[in-house]
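Worksheet: the structure to be examined is printed underneath.
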Amino acid sequence: MILCTQHKGGAGKTTLAVHLAGFLATQLGRILLIDCDTQRNAWLFYFRSKAQTPLQLKEHSNQLSIIWNPDREPIRRIADTQTYDHIILDMSTPLPDTVKVIVDNYPDVVLIPVSQHPWAIEGLSDTLPVISKLEEFAGFTPEVAIVPLGSYKQKINEKMQSISRLPSNYNLANRMKNLNKEVDRALDEGKLIWTYPGLENLQEYFSSLLS
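Given below as structure tokens:
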């Protein structure tokens, strides 16, 4: 189970979630993408319309199903997790929502995107200590990866030095170059970014985040 979360809006949570789901859907196995945001942007990306009913489940392909879970119900209550090889959660912004989802579901991997938006890197100051505290009080020890979606690794490392409490098992992934305009276009058009000419190598980038 993979949780895409960040305390700041515009950091790249949905970008990360829909592209990871899109890549995994090209492999063997079944994928469940859970849209936990009232904005329903992950659902919109794949279906070009917004879900109308909470807990609505819809198949995008034989490999990929999507469910809208705005109240962040525990996954075991809304889906048969045994029928899926991978589950990806696109999280809403408020930290209490992230805490609820973690405590209810214990994801194996937590991915924290950092776009070049000025506030995205600031979100690490809140998100990382919360995960560290959950490790201590809930026995929750996921793999945590900070994913630079345009942000420079040096700036992220400098920010990390000012954070007193960090998860025990974290890493800083390779940087994706700044493609804000291209990403916005891809999200608007409901297309995976590597389907655009000249950006084919980005499929390998998103694949590497799952290694």
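Letter by letter, the sequence shown follows residues -11 to 199 of this note's numbering.
Backbone N, C-alpha and C define an ideal beta-carbon position, used for all residues, glycine too.
For clarity, every value in this text was computed on a predicted model and none was experimentally measured.
Please determine, among T14, F128, L20, the residue with the shortest C-alpha to C-alpha distance to N56.
-> Position 68 of the sequence shown, counted from the first residue, corresponds to residue 56. In the sequence as presented, Asn is not what sits at residue 56; that position holds Trp. Minimum Cα distance to W56 is reached at L20.
Can you find at least 3 beta carbon pairs, one from the region 52 to 68 and one from the region 14 to 31, that sit closer than 8 Å?
-> yes
For R60, count neighbouring Cβ atoms within 10 angstroms of its own Cβ and tell me buried if that reaches 16, exposed if not.
-> As a position in the sequence shown, residue 60 is number 72, starting the count at 1. It counts as buried.
Might you give, ordered along the chain, the residues of its own chain that have their beta carbon closer than 6 Å to the beta carbon of K147, omitting 5 neighbours on each side?
-> Indexing the sequence shown from 1 puts residue 147 at position 159. Excluding residues within five positions, the ones whose Cβ falls inside 6 Å are I109, L112.
Any chance the CB of E192 is under 7 Å from a heavy atom of the ligand ATP?
-> Here there are no bound small molecules, and the ligand ATP is not part of this structure.
Where do the N-terminal and C-terminal ends of the beta strand (DSSP E) with N50 fall, by residue?
-> Within the sequence shown, residue 50 is the residue found at index 62, counting from 1. That residue, N50, is in no beta strand (DSSP E); it is neither H nor E in DSSP.
Identify the continuous beta strand (DSSP E) that holds E146 and give its terminal residues.
-> Residue numbering aside, residue 146 sits at position 158 when the sequence shown is read from its first letter. Element bounds for E146: not the beta strand (DSSP E) but the alpha helix (DSSP H), 141 to 149.
Report all residues from its chain with a CB closer than 7 Å to the CB of K141; omit the five preceding and five following residues, and keep chain order.
-> To locate residue 141, count along the sequence shown from 1; it is residue 153. Excluding sequence neighbours, K141 sits near L160, R163.
If we count the other Cβ atoms within 10 Å of its Cβ and call it buried at 16 or more, is W107 buried or exposed?
-> Within the sequence shown, residue 107 is the residue found at index 119, counting from 1. So W107 ends up on the exposed side.
Is N157 closer than 8 Å to E131 when the C-beta atoms are compared?
-> Residue 131 sits at position 143 when you count from the first residue of the sequence shown. Residue 157 sits at position 169 when you count from the first residue of the sequence shown. A contact, by the Cβ cut-off of 8 Å.
By DSSP, does G202 sit in helix, in strand, or in coil?
-> No statement about residue 202 is possible, as the shown extent of the chain runs from -11 to 199 and does not include it.
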